[in-house]
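See structure below.
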Amino acid sequence: MNLEPKVGRPASPVLRHIISVDVEDYFQVEAFADRISRDSWDTWPSRVVTNTYKVLDLFDRYEVRGTFFFLGWVAIRFPSLVREVAARGHELACHSFWHRPIYSLSPAQFREDTRMARDAIQQPSGARLLGYRAPTWSITSKSLWALDVLAEEGFVYDSSIYPINHDLCGIPKARRFPYVHRCSNGRSLCEFPPTTVRLAGVNFPGAGGGYLRVFPFAYTRWIFRHIPRKHGQPLVVYFHPWELDPDQPRIRHKLRSHFRHYTNLRRMESRIEHLLRNHRFQPFQEFLSANNTRQPEAGKLENRSAAPRSVVVPMADARPQAGAACTAANGSQL
Ligand SMILES: [Zn+2]
4 MNLEPKVGRP
14 ASPVLRHIIS
24 VDVEDYFQVE
34 AFADRISRDS
44 WDTWPSRVVT
54 NTYKVLDLFD
64 RYEVRGTFFF
74 LGWVAIRFPS
84 LVREVAARGH
94 ELACHSFWHR
104 PIYSLSPAQF
114 REDTRMARDA
124 IQQPSGARLL
134 GYRAPTWSIT
144 SKSLWALDVL
154 AEEGFVYDSS
164 IYPINHDLCG
174 IPKARRFPYV
184 HRCSNGRSLC
194 EFPPTTVRLA
204 GVNFPGAGGG
214 YLRVFPFAYT
224 RWIFRHIPRK
234 HGQPLVVYFH
244 PWELDPDQPR
254 IRHKLRSHFR
264 HYTNLRRMES
274 RIEHLLRNHR
284 FQPFQEFLSA
294 NNTRQPEAGK
304 LENRSAAPRS
314 VVVPMADARP
324 QAGAACTAAN
334 GSQL
């Protein structure tokens, strides 16, 4: 592995990576969930609006548009923030309402939570939500049924399955690049795993959240060269507004949670800025639209077969009742 420290210019002038922001406050993370009850969220000083504006201004500076997965709880309290994100040209998507791990819910509870969140985000913006991201990447082998529910609720894509071994999430043998998932109810969803690298037969997390902060930044820069070069695929990058807020109130907790949440908060903004300056990014929706146009752009959705085929995603027809939203270029259902 070559961990050269410099990136002179974008590694790939054509490839546009996918960038996303999970809009939640610093006290709503799973690491503190056993200490901070959801009933008490209203009593904590909120910093999500200020921090999200910080992200929006950074994105504006580098003319980057991304996907913002809103927590419904945040959207319902700060509808003007939802409108601002949409007004600046970003895609709105859903990050649940209560930030509960999906494997802790029944399918009926999950459906109710998803509908509440979707309504809270759609109502102020008028946007039709296409994408979902589970709290704490909690679509695992125990909760794959959630993809059926999402497809039934009209979502077109999901970005919730982390192909790693982790104590809270992950399906270690899941596919590592965007693909079309056929649900057990016959519908389909496009799945966008967060970026991983495979070393010695093991998948390691790549360009997201705590891993962007905790790992040496040379590792991140290497991944941004390695993935496009070896796989011709865009990276799926994510982070949270609270990660750009080193002055947030400190919550006392066990060492592991403390490490995951607070390490390198002061370095995060400059790291994100470095990526925005040196690479090109897009929201999920634009990646899907680009596939729809069948333009010869690097980074295609993979079909279930070994040989990738181009995929058409009929965005205009992606109504809640439309069922399977992803169809193959030859018109057949995937
Ligand atoms: Zn989250």
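Each residue of the sequence shown is one higher than the last, beginning at 4 in this note's numbering.
Don't be surprised by glycine CBs; every beta carbon is placed ideally from N, CA and C.
The beta carbon of A130 is closer than 7 Å to those of A89 and L95 in its chain, skipping five residues each way along the sequence. What you get when you keep residues with a C-beta closer than 6 Å to any heavy atom of ligand 1 is D25, E27, H98, H102 and P138. Sequence-distant partners of T143 (beyond 5 residues in either direction) whose C-beta falls short of 7 Å from its own C-beta, in its chain, are Y106, C172, G173 and I174.
Per DSSP, reduced to three states, the secondary structure at T55 is helical. Taken atom to atom, the span from the alpha-carbon of P208 to that of P197 is near 8 Å. Under the DSSP assignment, A96 falls in the beta strand (DSSP E) whose first and last residues are E94 to C97. Note that the C-beta distance between H98 and F81 is not below 8 Å. C-alpha of F35 to C-alpha of H282: approximately 33 Å in a straight line. Using a C-beta cut-off of 8 Å, the region 14-32 makes contact with the region 60-70, since at least three inter-stretch Cβ pairs fall below that distance. P208 is bridged by DSSP to T199.
Note on the region 105-129: whole alpha helix (DSSP H) runs with a minimum of 4 residues are 110-128, in chain order. Spanning the alpha carbons of W140 and F62 requires a straight line of approximately 24 Å. Look at Y160 here: in three-state DSSP terms it is strand. In the displayed model, I226 falls within a helix according to three-state DSSP.
Taking 8 Å as the cut-off, the beta carbon of F242 is found closer than this to the beta carbon of I275. DSSP, read as helix, strand or coil, puts R185 in strand.
Within the region 233-267, complete beta strand (DSSP E) segments of at least 3 residues are found at 239-242, given in chain order. For F284, the three-state secondary structure derived from DSSP is strand. By the CB criterion at 8 Å, R190 and A149 fall outside the cutoff. Apart from sequence neighbours up to five positions away, the residues of its chain that approach F290 with a beta-carbon distance below 6 Å are I21, ordered along the chain.
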